[in-house]
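A short write-up of the structure that comes next.
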Amino acid sequence: MEFDWSVIEDALPALLGGARLTILITVVGLAGGLVVGFLAGLMRAYGNTILNAIAFAYIELIRGTPIVVQVMFIYFALPMLADIRVNPMTAAITAIVVNAGAYIAEIVRGSFLSVHKGLKEAGLALGLPMWKVLVYIIGPVAFRRMIPPLGNQFIVSLKDTSLFIVIGVGELTRQGQEIMAANFRAVEIWTAVAILYLIMTGTLTLILRVTERRMRML
Amino acid sequence: MSIVEFRKVTKTFGEVVVLREVDLSINAGEVVVLIGPSGSGKSTLLRCINALEEINGGDLVVDDISVLSGRSQVRVIRQEAGMVFQQFNLFPQMTALENVAFGPRRVRGLSKAEATEQAKALLQKVGLADRGHHYPSELSGGQQQRVAIARALAVKPKLMLFDEPTSALDPELRHEVLRVMQALAEEGMTMIVVTHEMAFARQVGTRLIFMEDGKISVDGDPATLLKNSENPRLREFLQHVH
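For the protein sequence lines, the chains are H and G, in the order given.
Counted from 1, the first sequence has number 207 at position 207 by my numbering; the numbering is strictly sequential.
Counted from 1, the second sequence has number 159 at position 159 by my numbering; the numbering is strictly sequential.
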């Protein structure tokens, strides 16, 4: 069988459109996921029993169920349960926020707790309230330790957006699937799709590596 | 007027009783040296003063504030009582200068310029004026500990707590830290020092306290006690640390 470059050429505009949606879902979803993850992670690490239990339940619920089930639940079950109607894009972004948030929470908790407790004591001994100790002393040290595992999670979440094919979001994988269904050029289309994913994850890796190199690791 | 007053203070870790109804009164200007075998409660006693450890019984009053009077009052106590740790605990993401300027900025609310100015003077005082832009990892242990002393002094405390400040240092680096502490004592700073440095106790200390099993068993003049103590346990202990 011959590899037909013109197939890719024709499909490229649609695939790039899909890639754009993939990036949008990933970026917005991860921004939200970071907020949720920091909140839940700090609740786990420093919260009282109640806050800790809430965060623990959330994390276990999300880590214990597949992301496809989660997005199906948000898109199909929520409208029936609570009369909340969302479009596919909102459902997709929410799924990333909720899903990545749970994993990021564990990353945040782990890196904050890995900071030597002497630093916390030194901060408290100066007469600082705990929140300032977290913001100015432990946070900056913990943040540096978070970068490698966060990078991992960012890449996983980016690739997870391909699963939103099930609710009809026109992201990269969905675009590839639709073109393929029309012209049956599986080799060309899936090669192109794979390469586009590689370009996106590669860029992400590069950004993370530069960030890591610019910081003094502690 | 005492600046630190223990009234029947008890401290337990689970089942283990670390301090047993300790009574102790320390006046401003005293340089108290705390010694005792490991596990005798001397570090815990020190850490109760700035409420890094919560007491389980009795009362502990520091500069007229009880450690039991709530979080915001505890923060005031901590600003009055600077602490120096065995492991230095410098903030690794900050330079020496930033470490020292940190307290005045974030605790006392000084501007960055004022805090930095003050930090420079303090680094000068501990003999590290030329090391301000080094990170802790680029400094020797002795230098790190001197930065830590400057950091504690920057908040302008009324008394200083030292928790085995030279125990993590090589012998040849200890004297540079001890010299700074001696200078501080000569300026009239109230100091409570947990240490095994008997020469420091003799030369700088105004009072020696020997702890055993969560209680103060000997309390008196360092020179006299170190020369000949009547307490056989203290005599035995001194033979081991000399």
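Beta carbons are placed, not taken as given, at the ideal position from N, Cα and C, and that holds for glycine.
Notebook entry, point to check: Rounded to a whole number of angstroms, what is the C-alpha to C-alpha distance between P104 (chain G) and Q175 (chain H)?
Noted result: Computed Cα separation, rounded: 58 Å.
Item checked: Candidates G:L24, G:V16, G:R20 and G:F13, of which the one nearest I3 (chain G) by Cα -> The residue with the shortest Cα to Cα distance from I3 (chain G) is G:L24.
Item checked: Beta-bridge pairing of I260 (chain G) - partner residues as DSSP gives them -> One cannot answer for residue 260 (chain G) here, as it falls past the ends of chain G, which runs 1 to 242.
Next item on the list: Return the first residue and the last residue of the alpha helix (DSSP H) that F143 (chain H) is part of.
Entry: For F143 (chain H), the enclosing alpha helix (DSSP H) has its first and last residue at G139 to D160.
Checklist line | Same chain, Cβ closer than 7 Å to R145 (chain H), neighbours up to 5 away in sequence not counted | finding: If you ignore the 5 residues before and after R145 (chain H), its C-beta comes within less than 7 Å of the C-beta of S111 and S114, all in its own chain and listed in chain order.
Notebook entry, point to check: Could you give the uninterrupted runs of the alpha helix (DSSP H) lying entirely in the segment 15-71 of chain H, keeping only those of 4 residues or more?
Noted result: With a minimum length of 4 residues, the unbroken runs of alpha helix (DSSP H) contained wholly in the segment 15-71 of chain H fall at 49-63.
Note to self: Please tell me whether, using a cut-off of 7 Å, the distance from the CB of A100 (chain H) to the nearest non-hydrogen atom of the ligand PLP is below it.
What the structure shows: With respect to the ligand PLP, the structure shown offers nothing to examine, as it has no ligands at all.
Next item on the list: Return the residue from the list H:G33, H:T90, H:S6 and H:V7 that minimises the CA-CA distance to S157 (chain H).
Entry: Comparing Cα-Cα distances from S157 (chain H) to each of H:G33, H:T90, H:S6 and H:V7, the minimum goes to H:G33.
Next item on the list: Could you check which residue in H:I8, H:F76 and H:E2 has the C-alpha nearest to that of T191 (chain H)?
Entry: Taking only the C-alpha atoms, the option nearest T191 (chain H) is H:I8.
Next item on the list: Note the first and the last residue of the continuous alpha helix (DSSP H) segment covering I107 (chain H).
Entry: Where I107 (chain H) is concerned, the enclosing alpha helix (DSSP H) stretches over P88 to S114.
Note to self: Taking 6 Å as the limit between beta carbons, can you name the residues of its chain near R63 (chain H), skipping five residues before and five after?
What the structure shows: The residues are A102.
Item checked: Complete runs of the alpha helix (DSSP H) confined to the segment 92-133 of chain G [at least 4 residues] -> Given a length threshold of 4 residues, each whole run of the alpha helix (DSSP H) inside the segment 92-133 of chain G is given here in chain order: 96-106 and 112-125.
Next item on the list: Count the other C-beta atoms from every protein chain shown that fall within 10 angstroms of the C-beta of L172 (chain H), then say buried if there are 16 or more, exposed otherwise.
Entry: Buried, by the Cβ-count rule.
Next item on the list: Output, in sequence order along the chain, the residues in the segment 91-120 of chain G whose CB is closer than 8 Å to any CB in chain B.
Entry: The chain labelled as chain B is not found among the protein chains of the depicted structure, namely H and G.
Next item on the list: Compare the C-beta of G127 (chain H) against all C-beta atoms of chain G and say whether one is closer than 8 Å.
Entry: Yes, contact with chain G.
Margin query: What does the alpha-carbon distance come out to for the pair M215 (chain H) and G17 (chain H)?
Written below: Straight through space, the alpha carbons of G17 (chain H) and M215 (chain H) are spaced by roughly 35 Å.
Next item on the list: Over the uninterrupted alpha helix (DSSP H) stretch that includes L45 (chain G), give me the two end residues.
Entry: Where L45 (chain G) is concerned, the enclosing alpha helix (DSSP H) stretches over K42 to I49.
Next item on the list: Pull out every residue of the segment 136-160 of chain H whose Cβ sits closer than 7 Å to any Cβ of chain G, in chain order.
Entry: Result list: Y136, I137, P140 and V141.
Check: What does DSSP give as the partner residues of M83 (chain G) in its beta bridges?
Finding: Answer by DSSP bridge pairing, in chain order: G:L161.
Check: In angstroms, rounded to a whole number, what distance separates the CA positions of P140 (chain H) and R106 (chain G)?
Finding: Whole-angstrom Cα-Cα distance: 15 Å.
Next item on the list: Output, in sequence order along the chain, the residues in the segment 37-66 of chain H whose CB is closer than 8 Å to any CB in chain G.
Entry: Within the segment 37-66 of chain H, contact with chain G at the beta-carbon level (separation under 8 Å) is assigned to no residue.
Note to self: By the three-class DSSP mapping on this structure, what secondary structure does E171 (chain H) have?
What the structure shows: In this structure, E171 (chain H) counts as coil in the three-state DSSP scheme.
Next item on the list: Determine, using beta carbons only, whether L119 (chain H) comes closer than 8 Å to chain G.
Entry: Interface residue, yes.
Checklist line | Contact set between the segment 151-166 of chain G and chain H, restricted to residues whose Cβ is under 7 Å from the partner | finding: Within the segment 151-166 of chain G, the qualifying residues are V155.
Margin query: For a test of the three-state rule: what should DSSP assign to I65 (chain G), helix, strand or coil?
Written below: I65 (chain G) falls in the strand class under three-state DSSP.
Next item on the list: Would you kindly work out how many angstroms separate the C-alpha atoms of N231 (chain G) and D163 (chain G), rounded to a whole number?
Entry: Taking the straight line from one Cα to the other gives about 24 Å.
Next item on the list: Kindly say whether L124 (chain H), judged by its beta-carbon, lies nearer than 8 Å to any beta-carbon of chain G.
Entry: Answer yes: the Cβ-Cβ gap between L124 (chain H) and chain G drops below 8 Å somewhere.
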